[in-house]
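Position 46 (the sequence shown) corresponds to 77 in this note's numbering; numbering is contiguous.
Every residue gets a Cβ at the ideal spot worked out from N, C-alpha and C, and that includes glycine.
Each remark here refers to the structure printed beneath this line.
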Amino acid sequence: MDMTIGLSLFAIAVGAILRFAVTAHASGIDIGTVGVILIVIGAVGLAVGLWLVAAGRGSVDQST
């Protein structure tokens with residue numbers, strides 16, 4: 032779960048850099064759009080990761 036949250040934050044950071052800081056132009060691809068896609072994917076992954084962490088806290092380990 033920690034990797035999910037970390038990877039999501041990384042995707043958001045890379046997406047924000049591509050969207051707002053990169054001014055280069057590539058033929059056939061819009062770098063800003065790729066940045067927005069990474070931000071959205073990162074936000075969804077972060078929400079899922081936080082939901083998994085919150086859902087795991089309510090469970091009780093009965094393995095003793």
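Measure the alpha-carbon distance for residue i versus residue j and round it to whole angstroms.
i          : j          : result
residue 61 : residue 41 : 20 Å
residue 79 : residue 54 : 31 Å
residue 59 : residue 65 : 12 Å
residue 86 : residue 71 : 22 Å
residue 37 : residue 48 : 17 Å
residue 56 : residue 35 : 31 Å
Is the beta carbon of residue j closer than 7 Å to that of residue i?
i          : j          : result
residue 43 : residue 73 : yes
residue 81 : residue 46 : no
residue 50 : residue 67 : yes
residue 39 : residue 77 : yes
Is any heavy atom of the ligand FAD found at a distance shorter than 6 Å from the C-beta of residue i?
i          : result
residue 79 : For the structure depicted, the ligand FAD is absent and the ligand set is empty, with no information on it obtainable.
Write down every uninterrupted run of the alpha helix (DSSP H) in the region 63–93 whose length is 4 residues or greater and which is fully enclosed by it, in chain order. Counting only runs of 4 or more, we get nothing.
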